[in-house]
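Quick notes on the structure that follows.
There are 2 protein chains.
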Amino acid sequence: MQLYYWPSLPGRGEYVRWVLEDLGLAYDDVARREGPGAVMAMLKASDGPPVLAPPILVDGERRLFQTPNICVYLARTYGDLAEEHLPEVLQQQLVVLDLVTETHDTHHPTTTTLSYEEQREAALVRAVPFRELRLPKFLGFAERVLASHGGDWVVGDRCTPADLAWAHTVRGLRHAFPRAMARVEAGTPTLSALVDRVVERPRLAAYLASERAIDFNAHGIFRRYPELDDPT
Amino acid sequence: MQLYYWPSLPGRGEYVRWVLEDLGLAYDDVARREGPGAVMAMLKASDGPPVLAPPILVDGERRLFQTPNICVYLARTYGDLAEEHLPEVLQQQLVVLDLVTETHDTHHPTTTTLSYEEQREAALVRAVPFRELRLPKFLGFAERVLASHGGDWVVGDRCTPADLAWAHTVRGLRHAFPRAMARVEAGTPTLSALVDRVVERPRLAAYLASERAIDFNAHGIFRRYPELDDPT
Numbered sequence: 000m001q002l003y004y005w006p007s008l009p010g011r012g013e014y015v016r017w018v019l020e021d022l023g024l025a026y027d028d029v030a031r032r033e034g035p036g037a038v039m040a041m042l043k044a045s046d047g048p049p050v051l052a053p054p055i056l057v058d059g060e061r062r063l064f065q066t067p068n069i070c071v072y073l074a075r076t077y078g079d080l081a082e083e084h085l086p087e088v089l090q091q092q093l094v095v096l097d098l099v100t101e102t103h104d105t106h107h108p109t110t111t112t113l114s115y116e117e118q119r120e121a122a123l124v125r126a127v128p129f130r131e132l133r134l135p136k137f138l139g140f141a142e143r144v145l146a147s148h149g150g151d152w153v154v155g156d157r158c159t160p161a162d163l164a165w166a167h168t169v170r171g172l173r174h175a176f177p178r179a180m181a182r183v184e185a186g187t188p189t190l191s192a193l194v195d196r197v198v199e200r201p202r203l204a205a206y207l208a209s210e211r212a213i214d215f216n217a218h219g220i221f222r223r224y225p226e227l228d229d230p231t
Numbered sequence: 000m001q002l003y004y005w006p007s008l009p010g011r012g013e014y015v016r017w018v019l020e021d022l023g024l025a026y027d028d029v030a031r032r033e034g035p036g037a038v039m040a041m042l043k044a045s046d047g048p049p050v051l052a053p054p055i056l057v058d059g060e061r062r063l064f065q066t067p068n069i070c071v072y073l074a075r076t077y078g079d080l081a082e083e084h085l086p087e088v089l090q091q092q093l094v095v096l097d098l099v100t101e102t103h104d105t106h107h108p109t110t111t112t113l114s115y116e117e118q119r120e121a122a123l124v125r126a127v128p129f130r131e132l133r134l135p136k137f138l139g140f141a142e143r144v145l146a147s148h149g150g151d152w153v154v155g156d157r158c159t160p161a162d163l164a165w166a167h168t169v170r171g172l173r174h175a176f177p178r179a180m181a182r183v184e185a186g187t188p189t190l191s192a193l194v195d196r197v198v199e200r201p202r203l204a205a206y207l208a209s210e211r212a213i214d215f216n217a218h219g220i221f222r223r224y225p226e227l228d229d230p231t
């Protein structure tokens, strides 16, 4: 199995890596070896089904993209995701990806073709409703979902990609908005406990301690710009 | 089966309606009868699994949301979607929803809490790369997908929700950007033919001619602001 994703940032590819690692699957993270040109080459390849954007997973004849699609595919094909839970897992994945998009827009509110510094004024405006309205709404929703069925996991009675996606996202948000997240997580203890439960899973813990895991940095979705966080 | 969606606009709910109608399923479009308060009540309901945003489909005990998730659920449960095609159908649905989000952002580039008129200057800037880069990229991708396997439909050898989603989106884009779409569709004849093939399906043709179908209007995703379209 081959994963194609930008090698210098965790980004959306990290959601796929967490599923691959948690399932204990062997995979070749191609652009980590060959550089970003490998992603560009895959996007331009004309010898198979077209793909639009990374992350891209190649599994035999299949070329899959769209993060929630890949994560659910892996859990169905190589994990123990119950078919009856597929819709609930998928909708959680899609909620998380909506939150990812809104998080990205806090530092790139105007366009992805300009740097953060070039749209900083707009970012300062956009970050306020994100912190005050959207973060509590999304994380409060996850809290309600966990509370509504009283279990350890978001869907059913076992860990699914939905749990991994929420956990990685909460960690990313803690990196980007440490002050806002301390405030919001005071009201979401069940979600915070889920994050601990996920990162203590042996394969994920080993992954996170390894050189394969890319730390959050100044690229991608979760970036720390203190001026976008809650005032001190 | 009950659908909950804002009654005054086609929006994302329309993607679900097309699947329901094409499958010939009976459904209660609740907020069309009762008004938008029915959607609000469902979002606040505490007597079952929490939902975050419309469209929401209630099917027995299930409360599903996230547009691609509902469409795929319906096709798997009540249609003839082949399991082996699920990943490819889902990724097409997700591509279309990305395009929907980008289309919406052309008239609301700054925030959804202000009107178009209040962010018109930013919209004039945002619409240019959308028309010149993004529209050709997305529609060209659909064209390549159709060409890559040479069939009548986006995935496999039968109509799936992916075809319906592309067809509705192309129609919406033609409404919103008639000049840009005339230019772009000159290069995507296979996609244009797919739209014709979809809307000629008997159940969809009957739906589109009925009072159940809501015309594109000044609300929701696909709005006609001539100043955002190609210059004359």
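Protein sequences, first through last, are from chains A and B.
Under numbering that gives the first Met the number 0, think of the first position of the first sequence as 0, with each following residue one higher.
Under numbering that gives the first Met the number 0, think of the first position of the second sequence as 0, with each following residue one higher.
Glycine is no exception: its CB is placed at the ideal position from the N, C-alpha and C atoms.
Spatial neighbours of residue i within its chain, please: C-beta separation below 6 Å, excluding the five flanking residues on both sides.
i      : result
R178/A : D228, D229
V99/B  : I220
T231/B : none
M180/B : L172, R173
F176/B : D228
Y115/B : H106
Is the Cβ-Cβ distance between residue i and residue j less than 9 Å?
i      : j      : result
L207/B : L145/B : no
G78/B  : L138/B : no
Q91/B  : T66/B  : no
V154/B : V194/B : no
P135/B : A122/B : no
V94/A  : A141/A : yes
L24/A  : L80/A  : no
V71/B  : L89/A  : yes
Between residue i and the rest of its own chain, which residues show a CB-CB distance below 8 Å, the 5 nearest in sequence each way excluded?
i     : result
R75/A : E82, L85
D27/A : M0, Q1, L2
S7/B  : P35, I213, N216, H218
L19/A : M0, L2, Y26, L73
Using the rule of at least 16 other Cβ atoms within 10 Å of the residue's Cβ for burial, across every protein chain shown, is residue i buried or exposed?
i      : result
V124/A : exposed
M39/A  : exposed
A44/B  : exposed
G47/B  : exposed
G12/B  : buried
G36/B  : exposed
R222/A : buried
G59/A  : exposed
A192/A : exposed
Within its chain, find whatever has a CB closer than 7 Å to the CB of residue i; leave out the 5 residues flanking it on each side and keep chain order.
i      : result
I69/A  : V15, P54, L56, L63
W17/A  : L163, H167, L203
A126/A : T105, L227
M41/A  : Y3, V50, I55
P9/B   : I213, F215, G219
W152/B : C158, T159, D162
E101/A : F129, R133
D21/A  : L163, R200, R202, L203
L96/A  : T66, P67
R196/A : D151
From which residue to which residue does the alpha helix (DSSP H) around residue i run?
i      : result
F137/A : 134–148
D195/B : 188–198
D162/A : 160–175
Y14/B  : 12–21
R211/B : Here R211/B belongs to no alpha helix (DSSP H), and DSSP marks it neither H nor E.
T100/B : 85–106
E33/A  : 29–33
V127/B : 119–128
A37/B  : 36–43
From what residue to what residue does the beta strand (DSSP E) around residue i run?
i    : result
Y3/A : 1–3
Taking DSSP as the reference, what is the three-state secondary structure of residue i?
i      : result
R223/A : coil
R62/B  : strand
L56/A  : strand
D229/B : coil
N216/A : coil
A232/A : There is simply no residue 232/A to check, as chain A begins at 0 and stops at 231 in what is shown.
Y72/A  : helix
L113/A : coil
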